[in-house]
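Visitor:
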Amino acid sequence: MTYKPQSYNDLSPYLIVDDARGLITFLKDALDGKELRVFEHEGRVVHAEIMVGDSVLMLSDANEQYPAIKSVLHLYVPNVDASFQKALGAGAGEVQAPKKGNDPDKRGTFSDPFGNLWSLGTQVDAG
1 MTYKPQSYND LSPYLIVDDA RGLITFLKDA LDGKELRVFE HEGRVVHAEI MVGDSVLMLS
61 DANEQYPAIK SVLHLYVPNV DASFQKALGA GAGEVQAPKK GNDPDKRGTF SDPFGNLWSL
121 GTQVDAG
């Protein structure tokens with residue numbers, strides 16, 4: 001047995017939101033997220049793990065001790081334009097359409113329905 005589950009990174013973002021089930025659905029629809037584990041207590045998600053790309057995103061419902069916190073995340077995807085449009089179709093709000101900047105990436109930013117910002121990027125130059 002190892003110190004962590006197989007295929008998990010050492011560091012995983014942890015989102016606390018007002019509707020964890022809603023975020024799980026959004027992650028599946030918008031980013032092809034795969035539900036790994038969900039633990040509930042009295043109808044609330046107390047811990048969930050969703051695989052997005054090659055990373056595990058952890059999340060839970062907010063409570064008095066741990067209120068909802070908005071976060072900013074970056075995700076590399078094979079095709080930023082297609083992934084960005086898929087996210088918009090799943091309910092994301094456009095912040096900045098994908099464009100090439102001064103670095104090797106083409107990047108766009110959207111907000112999810114829970115107030116988090118997501119920057120999607122695809123490396124288009126060797127850098």
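If you're matching positions, the sequence shown starts at 1 in my numbering and goes up one per residue. Where a beta carbon is used, it is the ideal one built from N, C-alpha and C, also for glycine.
1. Under three-state DSSP, which class holds Ser55?
2. For a quick check, are the C-beta atoms of Val130 and Phe114 less than 7 Å apart?
3. Is the CB-CB distance between Thr122 and Val77 below 7 Å?
4. Would you kindly check if the distance between the Cβ of Leu15 and the Cβ of Leu75 is under 7 Å?
5. Would the region 85 to 101 and the region 38 to 58 be scored as touching if the rule is three or more Cβ pairs under 8 Å?
Guide: Let's see:
1. strand
2. Outside the modelled stretch of the chain, which goes from 1 to 127, sits residue 130, for which no answer is possible.
3. yes
4. no
5. no
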